[in-house]
Amino acid sequence: MVQEKKPQSITTGSVVPLDVDDTQSNLRDPFLGSTQQHPFATPENAEYWSNIYEGAKYEGRHRFDPACQWDAAEEKRLVRKLDMRIMAWVWIMFSSLDLIRRNVNRAVSDNMASAQQSFYKA
1 MVQEKKPQSI
11 TTGSVVPLDV
21 DDTQSNLRDP
31 FLGSTQQHPF
41 ATPENAEYWS
51 NIYEGAKYEG
61 RHRFDPACQW
71 DAAEEKRLVR
81 KLDMRIMAWV
91 WIMFSSLDLI
101 RRNVNRAVSD
111 NMASAQQSFY
121 KA
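Yeah, the sequence shown ends on 122 if you go by full-length UniProt numbering, and it's all consecutive.
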């Protein structure tokens with residue numbers, strides 16, 4: 001006999017995944033997309049945080065929308081776009097570091113530092 005977990009209330013901070021549309025076979029992860037149990041689901045919490053943001057003059061307060069919802073496809077597209085941007089930057093930085101290391105190793109192995117004493121003179 002399999003026992004199903006009952007979802008906890010929103011006030012305890014638990015997140016229970018909603019069912020994802022089964023028509024999209026590549027989006028099986030139930031935690032993708034927005035859920036009904038987000039922190040601003042209750043109007044009291046949304047009003048409280050809206051007042052906090054306004055009082056602090058938070059720079060992005062005009063974008064605060066507690067009713068904002070997104071689906072799994074939108075989230076997957078956004079994550080893929082961010083991953084590609086981050087990985088492109090990481091690849092460029094790693095390649096630059098590797099190029100610098102190779103040039104330093106070649107200079108040391110060719111005794112460029114001893115042949116050119118101007119490296120050490122200030």
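All C-beta atoms in this analysis are idealised placements derived from N, C-alpha and C, irrespective of residue type, glycine included. Model, not experiment: these values are computed from the prediction.
The stretch 39-51 / the stretch 59-66 touching (three or more Cβ pairs under 8 Å): yes
Compute the Euclidean distance between the alpha carbons of H38 and M93, then round it to the nearest angstrom. As a position in the sequence shown, residue 38 is number 38, starting the count at 1. As a position in the sequence shown, residue 93 is number 93, starting the count at 1. Computed Cα separation, rounded: 37 Å.
Given this structure, state the Cα-to-Cα distance separating R80 from N111, to the nearest angstrom. Your numbering for residue 80 matches position 80 in the sequence shown. Your numbering for residue 111 matches position 111 in the sequence shown. Going by the C-alpha atoms only, they are around 46 Å apart.
Taking DSSP as the reference, what is the three-state secondary structure of Y58? By 1-based counting over the sequence shown, the position of residue 58 is 58. DSSP places Y58 in coil when its eight states are reduced to three.
Endpoints, the alpha helix (DSSP H) within which S34 is located: Locating residue 34 in the sequence shown gives position 34, counting from the first residue. Where S34 is concerned, there is no enclosing alpha helix (DSSP H), given that its DSSP letter is neither H nor E.
In angstroms, rounded to a whole number, what distance separates the CA positions of K76 and A107? As a working note, residue 76 is residue 76 in the sequence shown. As a working note, residue 107 is residue 107 in the sequence shown. Near 46 Å, if we compare the C-alpha coordinates of A107 and K76.
Following the continuous alpha helix (DSSP H) through W89, name the residue where it begins and the one where it ends. The count along the sequence shown starts at 1 and reaches residue 89 at position 89. Taken as a continuous stretch (DSSP letters only), the alpha helix (DSSP H) holding W89 covers A72 to S109.
CA-CA distance, R101 and W91? Against the sequence shown, residue 101 aligns to sequence position 101. Against the sequence shown, residue 91 aligns to sequence position 91. If I take the Cα positions, the gap works out to 15 Å.
Quick check: what's the CA-CA separation for G55 versus F40? Along the sequence shown, read from residue 1 onward, the residue named residue 55 stands at position 55. Along the sequence shown, read from residue 1 onward, the residue named residue 40 stands at position 40. Taking the straight line from one Cα to the other gives about 18 Å.
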